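Protein chains in written order, with the working numbering: chain A, 222 to 553; chain B, 222 to 553. Okay, so here's the structure we're looking at.
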């Protein structure tokens with residue numbers, strides 16, 4: 222049996238090999254290079270890993286799950302390219318963002334192209350593979366719904382930044398759509414392609430959702446604590462951009478007046494000094510927000526672990542279980 | 222039999238009624254309003270008209286063609302919302318553009334949402350309608366390919382603006398993708414939904430393509446000659462934005478050195494005075510570019526008229542023929 226690391230690398234290679242001819246055969250070269258830039262820059266390929274291993278755990282074939290897995294990775298890439306324009310981020314996966322390198326007009330269109338290629342890859346796979354064709358409308362439904370939720374989550378995220386008193390409930394609604402929706406679609410499509418019952422598909426949808434929620438909380442934690450090398454983008458950028466994370470919401474709800482003042486001075490304030498940012502990070506930590514968020518994330522991960530038990534015992538279930546441990550460990 | 226005008230209005234109503242519940246039932250309201258803004262603002266619904274009438278002329282049903290017709294209208298709307306951000310246009314169909322009213326971040330996401338809803342509407346229709354389900358992968362292929370071409374055409378358009386010596390060949394390649402591709406998809410899908418043979422689908426694809434090319438040339442002419450009320454956007458904006466149209470390319474190729482100088486002074490120059498713009502417009506006209514382009518557009522329309530003859534004689538074929546006359550008349 223592969224270790225988790227070996228399996229992630231194996232799937233990353235499969236995705237890369239499958240994707241390459243889809244992104245390199247057309248003109249104008251400048252646009253296609255811009256579109257290929259982010260998918261080529263790597264990433265953990267966690268969603269393809271989840272889809273393929275759920276599919277196999279339920280008795281399905283890897284070949285059938287690979288095209289929708291690549292499509293999900295493209296949906297993720299498309300939304301990141303557009304998000305980075307919106308958030309004015311300069312770095313992603315350790316490389317310049319698309320709009321930084323090619324300008325905003327080309328980045329908008331490059332994101333659109335990745336979006337279409339997701340549908341194109343699933344459509345072409347269905348035309349060649351009867352098993353995919355049988356569930357094509359269901360796969361499309363999962364992708365459509367998840368992508369609509371990502372758009373809604375993106376808008377809610379922006380609205381939350383302008384909300385003076387954001388609540389945890391609003392935060393969880395936002396990340397359910399912005400982050401968990403695509404995890405949910407990945408695990409549900411894995412079950413669909415395996416030809417599973419509606420109940421099994423629903424169990425896996427729920428597993429993906431819980432996993433996605435914990436993943437986002439841990440991302441929030443890393444946004445505060447990780448260094449630039451681990452993160453692939455500048456430290457403290459969540460605070461600089463005024464993002465409402467579980468940490469800042471907790472800190473602003475339960476911090477002392479002094480702590481709150483220090484945080485609000487830097488939160489979303491592009492003109493704040495590096496010293497203001499360090500002070501704000503320390504203030505967030507001193508409210509206990511880090512411990513609080515870590516506990517929440519771990520509780521969700523344990524819930525996801527239980528949801529995994531609905532799968533038959535298998536190497537793939539073990540790998541999925543290991544992945545949960547890996548996701549929590551990222552926050553150490 | 223309906224007149225063309227009655228038929229266009231009837232189809233516009235059908236499209237609006239079908240679309241409305243898809244755009245008004247979800248939160249956050251701000252995002253969905255922004256997404257619905259352009260489709261609600263009207264438009265000629267020429268592509269749905271073409272799809273539905275091709276389908277009926279080939280013996281198909283209007284009910285089967287309506288959902289993909291709405292989807293094509295949403296693809297058109299999505300690409301316009303993103304185009305307007307790229308071109309910094311403030312007005313479209315006589316109303317403020319989405320980014321002007323809601324800001325660029327929401328406009329990017331609203332465009333993405335329209336894009337997804339196109340796929341969502343086709344997917345849901347296929348799940349309820351066996352005739353649509355039978356050709357679902359073919360419909361998706363047409364939509365995917367057309368939308369990829371729109372993205373490529375958008376990039377080529379920008380590259381053309383920076384090209385000091387753009388040729389007619391480059392121009393026709395650009396508009397084939399940016400404009401004609403979606404006309405081509407509309408007429409091809411009309412034939413697909415009617416259950417037509419691959420040859421009939423190919424004939425209609427070719428009809429839509431030629432029609433789309435003539436439509437764009439006439440749009441270029443109107444961009445120079447129509448007033449703001451007819452156009453729904455400021456006169457001369459093509460020249461202000463530095464767009465390479467058939468008119469400016471012809472003028473820059475065959476104008477006198479004086480005419481060229483006058484045109485280049487205003488073309489793409491945001492700082493040029495209103496007087497510079499008027500002079501540039503007059504210089505374009507004096508090179509004969511207007512006559513040249515009108516002749517070209519008419520030749521394409523007559524070619525499209527011939528392609529129509531592959532359809533069985535029918536009320537719908539007559540309406541499609543009338544539409545060709547209408548398209549040319551716009552340029553008077």
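Where is the CB? At the ideal position from N, CA and C, for every residue including glycine. Source: prediction; values computed, not measured.
If I measure Cβ to Cβ from residue i and keep anything under 8 Å in the same chain, skipping five residues before and after, which residues do I get?
i, result
"residue 493 (chain B)", "461, 486, 487 and 501"
"residue 613 (chain B)", "Beyond the ends of chain B as shown, which are 222 and 553, falls residue 613 (chain B); an answer cannot be given."
Just tell me which of the options has its CA closest to the CA of residue i.
i, options, result
"residue 370 (chain A)", "A:345, A:352 and A:401", "A:401"
"residue 444 (chain B)", "B:409, B:393 and B:498", "B:498"
"residue 178 (chain A)", "A:396, A:418, A:299 and A:516", "The requested residue 178 (chain A) does not occur in the structure, where chain A is confined to residues 222 to 553."
"residue 458 (chain B)", "B:475, B:440 and B:336", "B:440"
"residue 473 (chain A)", "A:387, A:394, A:550 and A:226", "A:387"
"residue 296 (chain B)", "B:246, B:366 and B:546", "B:366"
"residue 580 (chain B)", "B:547, B:543, B:411 and B:516", "For residue 580 (chain B) there is no data in the structure shown, the boundaries of chain B being 222 and 553."
"residue 406 (chain B)", "B:389, B:431 and B:496", "B:431"
"residue 337 (chain A)", "A:316, A:392 and A:257", "A:257"
"residue 298 (chain A)", "A:359, A:491 and A:368", "A:368"
Taking the alpha-carbon positions, what's the residue i to residue j distance?
i, j, result
"residue 521 (chain B)", "residue 274 (chain B)", "20 Å"
"residue 259 (chain A)", "residue 324 (chain A)", "14 Å"
"residue 348 (chain B)", "residue 235 (chain B)", "20 Å"
"residue 469 (chain B)", "residue 505 (chain B)", "7 Å"
"residue 465 (chain A)", "residue 378 (chain A)", "7 Å"
"residue 255 (chain A)", "residue 224 (chain A)", "34 Å"
"residue 327 (chain A)", "residue 523 (chain A)", "42 Å"
"residue 263 (chain B)", "residue 314 (chain B)", "7 Å"
"residue 353 (chain B)", "residue 244 (chain B)", "22 Å"
"residue 519 (chain B)", "residue 261 (chain B)", "31 Å"
"residue 475 (chain A)", "residue 249 (chain A)", "53 Å"
"residue 251 (chain A)", "residue 350 (chain A)", "32 Å"
"residue 442 (chain B)", "residue 551 (chain A)", "59 Å"
"residue 481 (chain A)", "residue 508 (chain A)", "9 Å"
"residue 302 (chain A)", "residue 363 (chain A)", "21 Å"
"residue 548 (chain A)", "residue 436 (chain A)", "7 Å"
"residue 361 (chain A)", "residue 342 (chain A)", "11 Å"
"residue 394 (chain A)", "residue 300 (chain A)", "18 Å"
"residue 495 (chain B)", "residue 483 (chain B)", "13 Å"
"residue 246 (chain B)", "residue 433 (chain A)", "25 Å"
"residue 540 (chain A)", "residue 339 (chain A)", "26 Å"
"residue 446 (chain B)", "residue 389 (chain B)", "21 Å"
"residue 392 (chain B)", "residue 269 (chain A)", "40 Å"
"residue 463 (chain B)", "residue 477 (chain B)", "19 Å"
"residue 227 (chain A)", "residue 282 (chain A)", "19 Å"
Taking C-beta pairs closer than 9 Å, name the residues in chain B that residue i reaches, listed in chain order.
i, result
"residue 241 (chain A)", "Simply none; closest approach about 17 Å."
Spatial neighbours of residue i within its chain, please: CB distance less than 6 Å, with the 5 preceding and 5 following residues excluded, ordered by chain position.
i, result
"residue 322 (chain A)", "none"
"residue 408 (chain B)", "271, 275, 425, 428 and 429"
"residue 545 (chain A)", "522, 525 and 526"
"residue 357 (chain A)", "347"
Can you name, in chain order, every residue of its own chain whose Cβ lies under 7 Å from the Cβ of residue i, other than the five neighbours on each side?
i, result
"residue 266 (chain B)", "229, 232, 233, 236 and 294"
"residue 222 (chain B)", "536"
"residue 280 (chain A)", "415"
"residue 533 (chain B)", "278"
"residue 542 (chain A)", "526 and 529"
"residue 538 (chain A)", "278, 529 and 532"
"residue 517 (chain A)", "438 and 467"
"residue 317 (chain B)", "311"
Going along chain B, which residues have a C-beta under 8 Å from residue i?
i, result
"residue 376 (chain A)", "249, 251, 252, 327 and 330"
Show which residues of chain B have a CB atom less than 7 Å away from the CB atom of residue i.
i, result
"residue 348 (chain A)", "358"
"residue 361 (chain A)", "340 and 344"
"residue 365 (chain A)", "337, 340, 341 and 344"
"residue 220 (chain A)", "Shown here, chain A extends from 222 to 553; a query on residue 220 (chain A) therefore has no answer."
So with CB distances below 7 Å, who are the chain A contacts of residue i?
i, result
"residue 306 (chain B)", "329"
"residue 258 (chain B)", "None at all; the shortest Cβ gap to chain A is about 14 Å."
"residue 368 (chain B)", "337"
Going along chain A in order, which residues have a C-beta closer than 8 Å to the C-beta of residue i?
i, result
"residue 380 (chain B)", "249 and 251"
"residue 459 (chain B)", "Correct list: empty, because the minimum Cβ distance to chain A is about 17 Å."
"residue 303 (chain B)", "329, 330 and 333"
Which residues in chain E have a C-beta closer than 9 Å to the C-beta of residue i? List them in chain order.
i, result
"residue 276 (chain A)", "Included in the structure are the protein chains A and B, with no chain E among them."
message: Pairs of beta-carbons, one from the stretch 508–528 of chain B and one from the stretch 233–251 of chain B, closer than 8 Å: are there three or more?
response: Contact fails: fewer than three Cβ-Cβ distances are below 8 Å.
- prompt: Does the stretch 285–296 of chain B come close enough to the stretch 306–324 of chain B to have 3 or more Cβ pairs within less than 8 Å?
  reply: Cβ pair count under 8 Å is below three, so no.
- prompt: Is the stretch 374–392 of chain B close to the stretch 372–386 of chain A, with three or more CB pairs under 8 Å?
  reply: The stretch 374–392 of chain B and the stretch 372–386 of chain A do not touch, with fewer than 3 CB-CB distances between them shorter than 8 Å.
message: With a threshold of 8 Å, are at least 3 pairs of Cβ atoms found where one atom belongs to the stretch 331–342 of chain A and the other to the stretch 392–406 of chain A?
response: Fewer than three beta-carbon pairs drawn from the stretch 331–342 of chain A and the stretch 392–406 of chain A are found closer than 8 Å, and the two stretches are therefore not classed as touching.
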